[in-house]
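Residue numbers (the working numbering), protein chains in the order written: chain C, 1 to 105; chain V, 1001 to 1496; chain Z, 2001 to 2637; chain Y, 3001 to 3477.
Written as structure tokens, this is what we have:
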């Protein structure tokens, strides 16, 4: 069955996602929120892969598998990230990006 | 083991001996022995060379040896000497050995001092024997870096500043030089599909004029900085002022000669057309700074500054003569390099001795030293006379040759600057005699100067050795002239 | 005939220099003096022998030929420019040989006594040996470069000897002045040599003097300001000569040079070195004469004449006996230059011969005057004429010899000076009346100032002396006597047979008129001096007061020194050297430092980028990515 | 493809996996008090592994081209192994005293080896999936290592910065890959760009993708994380980051550009050109005024990366082999410097440049090692660094990048200035309170001696360079 979705639409959507993610990444004042923004970025890529595979290159499943791997790895990444953030929270009870600027110049 | 590599082996072995020796007293002895052997060996080399020439060997380079090093780039350990190189090697060894003697009483970290001194010497020797641009460049940098430590650790005054400045300016120069060398390599003739760093090979098929015009300035300035080319000479006064005696000797006596030698062997020899095209510009720089340096020296009161500026003036004369692109003046400039090497070395040695006794280098604070330290004072007068070109001393022979050679150019620019160069000897006389009059003659100014210890044996050894060479060349210059001239001849033929 | 032994004439003094120099300090007392003296004695003997052989014992018809007695290649620059060291014998070089060795020998002898009490005696004799060697090398030179080399060496030895009392500031100052002024002249000398030899293609005198050959080998010579390159070369060379011979305006070093020991003044600054300039012009006489119809020669004549008058005027006012003699030397050398200047070649070569003759006689009586003055100074321990008076009572020998010298220099027959000076005046008379007039007046002035010092020193009222003056010992009186005999009789030598411009006998005819004139003016001078100074009186004082500013100007040597002082101090040092030094330290070096500092400053300006806030970093990355995209787009389109 | 192939071709991966499992097992068995016994085991095993990795293997593909290897790749892995081995030697004392007591030594080694295996896969990845896995595996655990000092805020901060920015980078990179995928429809390197013309989308993808890699090599302006992380992380990790992961990233970049994306060369050459200029210059300018040795070395290694790009720009065999050669030299040189920092930190806990004042008088050997390392970094003969740099410039000049070379040599001069600053502190100056004499342990000594030998020999010993070149030639056939 053929839905009316064009690849261009997908790319536009994911591009928007991507930039929302970046925006969030740069602006959020809470590390957890930053992590979430990061997820947006990565998932934008994942969606790209899957949809491109689905809509353009139907012959094989490279994109889909790539998508799966991306999800897995993203999970790992978040896990490690959260652990470190947790540790930070233990050291000084705050997860504000502004706090962690002791290393500079 | 071929003849020339030994020139590198001896200092390296000496360095190793120093590193593994532990007795504090023995360092200087080891260094002295090593360098004496080196000197004897280079004299032997000279004789060997002469005999080979006698035997009728007319090839440009002798004792040549070429070992492939980095095949992909066709980089070779290619060595060989002609008369010029032999002369420079002899100069280097003599200056080095007297430098070792002068620094006999070095207090702080003697081992490290002699090690760096000898590493420097190694670099210089390697530079003079190498016929491969890569090797040459390698030895060049090897020779420059120890200066930083030598000035920085054992220097006086604003030593850190001086050392850093000297190193950066010379290394900046070598950066330019590197670009020039790469250019030479890339435009060198293809031998079995490979470019080459070999000087001889490049010289026999130079690159197109347009490329030469691009790369010539890089190489000329790159070496010129080391040869105190205006306006890149300012490292040398500060460097001299802060450097310990022996280092000033090597620095002015040998290191700066590498500049002139490089200009001569690489810039002019490998890019002659460009040299002809651009000589006017550099002629103005060099010819101008002959007078410039002399007048600069006129106003200094610090002995080392005076001699630093006089070096600027004399080395400008060297570059000036090189730019004349004429057999006689080239020979003259090599002569001038050698004679100036000996003279400045002796100058700085004596300054060191005087400073050791008076604890000042300010001319205006001294006076009447002739009475208390007659030997050193007399030596100073003599070397001063040599430096202002008194006949019978090496300086005169060199300068006369340069002037005669330079005068064979009837071009207006050449004429004007030749006249300026000749008149500079007047200014030289003024600043030299000013020092002699103020410092050595006249009444003794300071109470403490009445009793100074006389020159010690090692000081005398160094001074007499150098003065002997100066006089020897001055009275019998012809053999040296012949030696150099015979090597200059083919180069000139090739580039014209 | 073998002349190669002549090499020993210069070598022996060199030997004495080397030995005295090396064993300086370890030498027993007096040893050095006798060593030098004996060395010079031998060379003197040799040179007399040489002269005898050359003039009387060489079979020659026509001119005396030039002999290269010995030579070796010093530096073989190119086949054209080969620099030889050699010994070149011809009439003038042999004449100079006689002068130099004899005077030097006598001075050595004299110095043994004069310097007996000095500490650095060995040093003194070493320098003396060095000087004699260099001077001999100079006169024997077969080519210009050798001339120049020894020219420099005599300069140095003169520097060292003037600065003999090196702890005396005035002596040091004088020494430096002498060296630097002459060195300045030598700079032009060297340029002249190079310029000339570029066209002549050789340094050898015979090639240089052979103008026609040069002209046809070069085709047309470049002309600058109406003078050919050769003339310019000769003029530059003459500057060198003028420097050494203390011609105006390069004379300022000579009076100060009197700071040296008196025998040195006698040897270097009266008899030998200062006439080197004259000798040089004589050497190149054919060239001077031929190029541009002797234009350069006219310059020589003018400079010479002016200097002679100029110096004579100053000499009348000086109170220091040695300075008077110094100026008189300058004036007499002026005479010699005039002689050369007005001379022609061949049969008109009277001036040449006369000048050489005067050089010869002048060496004798001027050396005598200086040594005599030395004796006086030795006796009264002062240079000033104020401290001398009626010394004739105490030191008869000195008195007689000094008187002879004065008569000689004043040109009173039958003493030597009369003949030579008279010949010069004759030559001048034929050439140019004005020059003759000046010379004639100068002769009068000379007589006046010489007898002024004579009367002031040996007559006048008795002064109070620390200890009674007396004639010096034999080593000092002997030279006086010898020289006195020489300056009395040298005039009778047949110079016109020996030393002539073309080496052939020159037929001179004694011109009674001009002789009478010059004798007359001489006598006038003497008489005036007699009236003024025979018996102490206030008249000289009054006269000088009446002259006022003029007198002051003259007494201060026309303020020439002050002028030079101003030029060197104000212009060269303040206006040129100081700015250059400043420029170098601040502008050139400043730029280099600026480059370094700018780099460091930039790095501290941009440090803010590394703010430490990772969100800023992220933003930076984003910008970078977008920037790259834009940049690439720009390229792809 | 037989099972035997999988072993021979993947022997590095297998052996590291075995070591990994062995360590895991022993760690589980050992109780925390005896943890330190783990250390010699780890080092010993890994030493064997390293030596083994130098034997040339055989070339081939696995898993339908997802994994491919050849002698050059083997050699690259060997380089990485050597680096890690030296780091293990140098970190011995630190692990023993800081980690083992808290029973964290095992974790450290496991993470380290995990990262290393990730790099193996990254280097010999045959398609973008494998590449991505390798890339993440060689990044994420490092973040954990960076934050290994749980009690230190700086360490944690560094960890956070690394993990987040790395995430961002990989996100960008993934997006780029996806765009390229959209054009090519293929993820295998082997025939990645066949029958595709250069659409703008592809170029966009390429740019985003390269940005990701540039981040890992810490090229300006993707370098911001590097100094902070380097300064915050434990020295062992810092040296790992600055040497090993940088090396791995450069290798894969080299492989991708030269063997996968050669058709796009004029595009990526433009990108690398500007990146290299920026990297050299900015890196140097920042390094000028650093006072903390680790941060100082961080910026210096950023600048060095800029020089490496010259080699990649030169491309072809000579360029590639020069890059590998330079990396090899760089490994020894940089680790020597970090080793000295580590030794001094272990003994005195100091890592500021001022603390090094007058070091030569008390610790001549250590400071000599440091001086040699710095001179080598500055490219002073006869140290190896000189040859590496010279050849890079030579390669670049060979392609006519004279302007770039000129910029580079000027940067070398600037870099000389700041490399001389520690030398000045250690040799030229004398301090009234210098650091006491340090007796570093035997392991540290072995590590340092290895480095010094490398610095002195590698440059002069030309056959090595010929060998690498021959490998590169094989690979590029």
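Glycine included, every Cβ here is placed at the ideal spot set by N, Cα and C.
Since this is a predicted model, take the numbers as computed values, not measurements.
Put residue i into one of helix, strand or coil per three-state DSSP.
{"i": "residue 1280/V", "result": "helix"}
{"i": "residue 3463/Y", "result": "helix"}
{"i": "residue 3418/Y", "result": "helix"}
{"i": "residue 1227/V", "result": "coil"}
{"i": "residue 2074/Z", "result": "strand"}
{"i": "residue 21/C", "result": "helix"}
{"i": "residue 1177/V", "result": "helix"}
{"i": "residue 2604/Z", "result": "helix"}
{"i": "residue 2499/Z", "result": "coil"}
{"i": "residue 2284/Z", "result": "coil"}
{"i": "residue 2065/Z", "result": "coil"}
{"i": "residue 2084/Z", "result": "strand"}
Can you find the residues in the same chain that come closer than 6 Å, C-beta to C-beta, to residue i, ignoring five residues on each side of it along the sequence?
{"i": "residue 2561/Z", "result": "2252"}
{"i": "residue 1354/V", "result": "none"}
Apart from the five residues on each side of it in sequence, which residues of its chain come closer than 7 Å, Cβ to Cβ, to residue i?
{"i": "residue 2305/Z", "result": "2334, 2338, 2435, 2438, 2439"}
{"i": "residue 3175/Y", "result": "3208"}
Give every residue of the same chain whose Cβ lies closer than 8 Å to the Cβ of residue i, excluding the five residues on either side of it in the sequence, and list them in chain order.
{"i": "residue 3144/Y", "result": "3111, 3159"}
{"i": "residue 1174/V", "result": "1137, 1140, 1141, 1144, 1222"}
{"i": "residue 1061/V", "result": "1080, 1081, 1082, 1131, 1200"}
Tell me, to the nearest whole angstrom, how far the beta carbon of residue i is from that of residue j; I am working on the premise that it is less than 8 Å.
{"i": "residue 1538/V", "j": "residue 1294/V", "result": "It is not possible to answer for residue 1538/V, since the shown part of chain V is limited to 1001 through 1496."}
{"i": "residue 2313/Z", "j": "residue 2554/Z", "result": "6 Å"}
{"i": "residue 3220/Y", "j": "residue 3199/Y", "result": "No, residue 3220/Y and residue 3199/Y are not in contact; Cβ-Cβ is about 29 Å, not under 8 Å."}
{"i": "residue 3313/Y", "j": "residue 3246/Y", "result": "At roughly 18 Å, the Cβ-Cβ gap does not stay under 8 Å, so residue 3313/Y and residue 3246/Y are not in contact."}
I'd like to confirm something about residue i: is its beta-carbon nearer than 7 Å to some heavy atom of the ligand SAH, or not?
{"i": "residue 2021/Z", "result": "You won't find the ligand SAH in this model; it holds no ligand whatsoever."}
### Message
Any contact between the region 2498-2518 of chain Z and the region 2424-2436 of chain Z? By contact I mean 3 or more CB pairs, one from each, below 8 Å.
### Response
Yes, since at least three Cβ pairs between the region 2498-2518 of chain Z and the region 2424-2436 of chain Z fall closer than 8 Å, the two stretches touch.
### Message
Within 8 Å, do at least three Cβ pairs link the region 3260-3277 of chain Y to the region 3119-3138 of chain Y?
### Response
no
### Query
Three or more C-beta pairs closer than 8 Å, one from the region 3463-3476 of chain Y and one from the region 1070-1081 of chain V: is that the case here?
yes
### Query
Below 8 Å, can you find three or more Cβ-Cβ pairs linking the region 2144-2152 of chain Z to the region 2045-2060 of chain Z?
no
### Contact list for the region 2073-2091 of chain Z against chain V, Cβ threshold 7 Å
From the region 2073-2091 of chain Z, only 2073, 2074, 2075, 2076, 2077, 2078, 2081 have a Cβ closer than 7 Å to chain V.
### Message
Taking contact to mean 3 or more Cβ pairs, one atom from each stretch, closer than 8 Å, check whether the region 1430-1442 of chain V and the region 1360-1377 of chain V are in contact.
### Response
yes
### Query
Okay, do the region 2152-2168 of chain Z and the region 2216-2227 of chain Z touch, 3+ Cβ pairs below 8 Å being the bar?
no
### Message
I'd like to know if the region 2165-2178 of chain Z and the region 2236-2245 of chain Z are in contact, where contact means that at least 3 CB-CB pairs between them fall below 8 Å.
### Response
no
### Query
Any contact of the region 1189-1207 of chain V with the region 1470-1487 of chain V, i.e. 3+ C-beta pairs under 8 Å?
Counting Cβ pairs under 8 Å, fewer than three are found: no touch.
### Query
Of the residues that make up the region 1428-1447 of chain V, which ones have a beta carbon closer than 7 Å to any beta carbon in chain Z?
1429, 1430, 1433, 1437, 1441, 1442, 1443
### Task
For the region 1292-1310 of chain V and the region 1321-1338 of chain V, state whether three or more C-beta atom pairs, one from each stretch, are separated by less than 8 Å.
no
### Query
If contact means a Cβ-Cβ distance below 7 Å, which residues of the region 3413-3426 of chain Y contact chain V?
3413, 3416, 3417, 3420, 3424
### Task
Could you name the residues of the region 3007-3025 of chain Y whose beta carbon sits closer than 8 Å to any beta carbon of chain V, in the order they occur along the chain?
none
### Task
Identify each residue in the region 1042-1072 of chain V for which the Cβ-Cβ distance to at least one residue of chain Y is less than 8 Å, and report them in chain order.
1069, 1070, 1071, 1072
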